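Chemist: Residue numbers (this note's numbering): 23 to 156.
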């Protein structure tokens, strides 16, 4: 007979584990893109860099994105579902704020970039629900 701990183990057999890992690794790559090529990263974000003086802001965003992904990796590695859920849920503020920034800068006609940020926030909300679900 298995103990409660053994039957309720969270990890690689859980969809929420892989959904979280997908976002963590994805945002690390996006951050690296901003550091390596801030202009390309900014175009993908939805607000292009106008002048050479703007390049450091792309790199700043890259560091933020890399941290957002890296902070989840030890929690996933240690299979800390509850801590992962709390950190991941808090991180929903990033794509939600990105959505609002693109909306206020480009207006509602920039559907493609608004969808990228909005769907990311929605995906993260669904993942958070699954992480908290027993």
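We put the CB at the ideal spot given by N, CA and C, even for glycine. These numbers come from a predicted model, not from an experiment.
Assign residue 34 to one of three DSSP states: helix, strand, or coil.
Modeler: coil
Chemist: Measure from the alpha carbon of residue 70 to the alpha carbon of each residue in 50, 124, 142, 143, then state which is nearest.
Modeler: 124
Chemist: Thinking just about the alpha-carbon of each residue, which of 151, 119, 40, 56 is nearest to the one in residue 136?
Modeler: For the set 151, 119, 40, 56, the Cα lying nearest the Cα of residue 136 is the one of 119.
Chemist: Between residue 79 and residue 31, what straight-line distance do the alpha-carbon atoms span, to the nearest angstrom?
Modeler: 41 angstroms
Chemist: Start and end of the alpha helix (DSSP H) containing residue 124?
Modeler: 115-128
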